[in-house]
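Beneath this line is the structure, given in structure tokens, with notes to follow.
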Amino acid sequence: MPWERANSKVCDRHLQRLAVVYVRQSTRQQVLSHQESTRLQYALKDRAVALGWEADRVLVIDDDLAMSATSAVARTGFQRLVTEIGLDHVGLVLGIEMSRLARSGKDWYQLIELCALSGALLADLDGVYDPADYNDRLVLGLKGTISEAELHLIKQRMWNGRLNKARRGELAFPLSSGYVRLPSGEVGFDPDEQVQTVIYLLFAQFERIGTLHGMLRYLVRHDIQLGIRLREGPDKGTLEWRRPNRMTLQTLLHNPAYADIYAYGRRRVDPRRKDPARPGTGRVVQARDEWLVMIPNVLPAYITITQFEANEARLAANRARAEATCAVRSGPALAAGLVFCGRCGRRMTVRYHTQHGHNLPEYMCVREVTNYGADKTCQLLNAACVDAFVEQQVLIALTPAAVEVSLDAADQVVAERAELEKLWSQKLERAEYEADRARRCYHLAEPENRLVVRQLEKEWETALAAQQKLREDHERFTRTSPRVLTAAERQTITALASDIDGLWHARTTTITDRKETVRAIVDKVVITVIGTTERVQAMLVWAGGATTSGELVRPVQGLEQLSYYPQLAARVRELAGQGARSTAITRHLEAEGFRPAKRGKRITEPTVRALMRRLGCMPDRVQPRRLAPPGEEPGPDEWWLDQLADELDMPMGTLHSWIRCGWLTIRKETRHPYRVIAHADQAELAVLHERRTRPPGWYSRRLWADSTDELTHPHS
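Just so you know, the sequence shown maps onto residues 52 to 767 in the numbering used here.
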């Protein structure tokens, strides 16, 4: 026997250390079913004693039972073995065969190298090997290579067998809720009617609501649970009702089995994402044309293939990506996700800024900035003008179909209540059955056996309490949502439909409802700002492909951006030349239809005075707005704020915001009315002029780049 010839390699320095018996099985099934192999591995302890070790000097490491040897990452037993060898505590390592220790070349050669450095021996049923000896090392290397190749061949045979069976549609896999496997091996509907009703209701509500989270809220609001058949354990096959959760609903909607499609290979393992400690990780969802097997008309269907494809498209569109429309959210931007840039053709994003406690949206095309580092956005405009145009066109389109919409809405409410009523009746029927079964079990027990009778009595009382609670909940639901609409409810729906505008602006109509309505009939809105003016060309593309065009007016930063600025300036010069004061000029401009840059209701006198100063037509007799009282004049390099605003050619509001940011050095008068005086020498004026010419968003980009010198030291 090889063990008898091994004594020549075992010496005293080996016997002074531990002999380690490494025990491993690959799966839990092997541990339970192949116990003879486990006993044979534990018996190696006697082999160590036969080689000269004392029984108390033999260490058995069996931490890796039911663990694969493909990697050492999750094998705590193997890691412990390597640690003991590295600490020079081990003289002999025993395994029934080399594949028990490692099936990975990396782990195997690491073990051999450590044993050679520490002088430890390796042993299996064939003999004892010294890794420091060249011939033994050659044999050990060959055994490790064979173990790794053997694992590869086993996996390859199993994979080919599974794939071949899947191509015939005969490979069995765990079934989702709503399906059971018949004794013949075929897949059929779950015989429980309530389980089927819930599945049908799920798909119907997703088609109506359109979002996964919205469907989850609907199920929670109506206390609807999913029927799940247990897949393992002593109660395998038993129906269990569980709360719905997001992951379960997402898996259910993506499962092609509900559309009568047998699919295999929808997910594949990416080695870069796989965690060796977690066998189920690293799976990546494949596109439909990359599935290994797809056989239609094999399974009973809850939905059609067309519905399944529509659900997949809706889920993909709900994802927050630049190329997707994304799900409807609660922001006030009505056309969010539908607006496209007319210059570059890309989807425009929404940006919100707060003003007086309200979130004001803007549509902006930032792809050139984010992708190519451009200095300014492609287009940027206030969302109010676009949303007003979309709202107007949608209401015009909905008005002719108001009556039809009202009838459809009434029918939809009745159908939804009928589905819920059917589910309630099934719940009540199940509760009645559970209570009756508990009653029968109680009466079948022997009255003298109080140990059993007391427990059955508790179960009966629990079932009766659950039945009573369910009846009360059903009565409450019936009172709030009767199955059939009353005449008053139908009249209310018809009245609302006849007043589409009132319904649209009603308090009960949320921004989410409005967005859903817009997305149902509008594909996209293409906008193009004409130059840098206030004029915007808009084209609304309807769901059927028809288009509606219009021209919008947006707010702009300054009067110079207005398309009619030359006419406005000429008119101001003309009136000023006639000797008109700013008050009279303001009245003339308002009467003639001129509007300010910010799209306010009317043009104001301060705006006219600023324009007159800019045009150089301010009458000499008109004094500046702010006069210093006698005895106090601004000192050298000091300015009144209106004078500094004229010098920088900027609005007073912007100048005040600079003061709040600390970008100006100011002081107040020493006496009433305590007006503000700014200090700005020639160097300071140069800095302010440069800041005035910077594009919008410049400081935000500086913050993101962690370059805050300009913000913390604005005068440097």
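Ideal Cβ placement from N, Cα and C applies to all residues, glycine included.
Every value quoted in this text rests on a predicted model; they were computed, and no experiment measured them.
{"Item": "Length at least 3, wholly inside the stretch 291-317: the beta strand (DSSP E) runs in chain order", "Value": "312-315"}
{"Item": "Reduced DSSP category for Leu66 - H, G, I as helix; E, B as strand; rest coil", "Value": "helix"}
{"Item": "Reduced DSSP secondary structure (H/G/I, E/B, other) of Tyr230", "Value": "strand"}
{"Item": "Residue closest to Thr289, alpha-carbon to alpha-carbon, out of Arg280, Ala120, Gln463", "Value": "Arg280"}
{"Item": "Residue interval of the beta strand (DSSP E) (run including His409)", "Value": "409-416"}
{"Item": "Check whether Val133 and Leu162 have beta carbons under 8 Å apart", "Value": "yes"}
{"Item": "Same chain only: Cβ atoms within 7 Å of His525, ignoring 5 sequence neighbours per side", "Value": "Trp475, Leu479"}
{"Item": "Reference Val577; option with closest CA among Gly388, Gln612, Thr744", "Value": "Gly388"}
{"Item": "Contact belief for Arg605 with Leu432 at Cβ below 8 Å, rounded distance in angstroms", "Value": "5 Å"}
{"Item": "Cut-off 7 Å between Cβ atoms - residues of its own chain near Leu233, not counting five sequence neighbours on either side", "Value": "Gly239"}
{"Item": "Close beta carbons around Arg676, own chain, < 6 Å, minus the five adjacent residues each side", "Value": "Any reading at Arg676 must be qualified, since the residue scores a pLDDT of 47, below 50, and its modelled position is unreliable; the value itself is stated next. If we look at Arg676 and ignore the five residues flanking it on each side, its Cβ neighbours are Asp693."}
{"Item": "For Thr716, the residue or residues it bridges with in DSSP", "Value": "His730"}
{"Item": "Cβ shell of Ile728 (< 6 Å), same chain only, five flanking positions each side left out", "Value": "Pro685, Glu689, Arg718"}
{"Item": "Complete runs of the alpha helix (DSSP H) confined to the stretch 177-210 [at least 4 residues]", "Value": "none"}
{"Item": "Three-state secondary structure (DSSP) of Cys166", "Value": "helix"}
{"Item": "Same chain, Cβ closer than 7 Å to His273, neighbours up to 5 away in sequence not counted", "Value": "Leu471"}
{"Item": "For Met266, three-class secondary structure by DSSP", "Value": "helix"}
{"Item": "Local conformation of Phe224 per DSSP, three classes", "Value": "coil"}
{"Item": "Among Val503, Val465, Tyr493, Ala486, the one whose alpha carbon lies nearest that of Ser532", "Value": "Val465"}
{"Item": "Cα-Cα separation, Glu698 to Met669", "Value": "15 Å"}
{"Item": "Three-way DSSP call (helix, strand, coil) for Phe528 in this model", "Value": "helix"}
{"Item": "For Leu431, the three-state DSSP class (helix, strand or coil)", "Value": "strand"}
{"Item": "Cutoff 6 Å; reference Pro687; Cβ partners in own chain excluding five residues on either side", "Value": "none"}
{"Item": "Cβ separation of Val592 and Lys575, assumed to be a contact under 8 Å, to the nearest whole Å", "Value": "5 Å"}
{"Item": "Any non-hydrogen atom of the ligand PLP closer than 7 Å to Arg418 Cβ", "Value": "Absence of the ligand PLP from the depicted structure is noted, as is the absence of any ligand whatsoever, leaving it without description."}
{"Item": "For Cys668, the residue or residues it bridges with in DSSP", "Value": "Looking at the DSSP assignment, Cys668 forms no beta bridge with any residue, so it has no partner."}
{"Item": "Residues that DSSP places opposite Pro347 in a beta bridge", "Value": "Ile312"}
{"Item": "Integer-rounded CB distance, given that Ala352 should sit under 8 Å from Asp311", "Value": "4 Å"}
{"Item": "Range of the contiguous alpha helix (DSSP H) that encloses Lys96", "Value": "95-101"}
{"Item": "Own chain, CB closer than 7 Å to Ala482, minus 5 neighbours either side, in chain order", "Value": "Ala517, Gln518, Leu521"}
{"Item": "Ala627 burial status per 10 Å Cβ neighbour count (16 or more: buried)", "Value": "buried"}
{"Item": "Spatial distance of Leu69 from Tyr180 (CA atoms)", "Value": "16 Å"}
{"Item": "Euclidean distance between Cα positions of Leu619 and Val437", "Value": "26 Å"}
{"Item": "7 Å CB neighbourhood of Gln440 in its chain, flanking five on each side removed", "Value": "With the sequence shown as reference, residue 440 is identified as Phe, and Gln is not the correct amino acid for it. Excluding positions up to five away in sequence, the list reads Ala589, Gly601, Leu603."}
{"Item": "CA nearest to the CA of Arg259, picked from Ala737, Arg586, Thr568", "Value": "Thr568"}
{"Item": "Span of the alpha helix (DSSP H) around Ala571", "Value": "562-572"}
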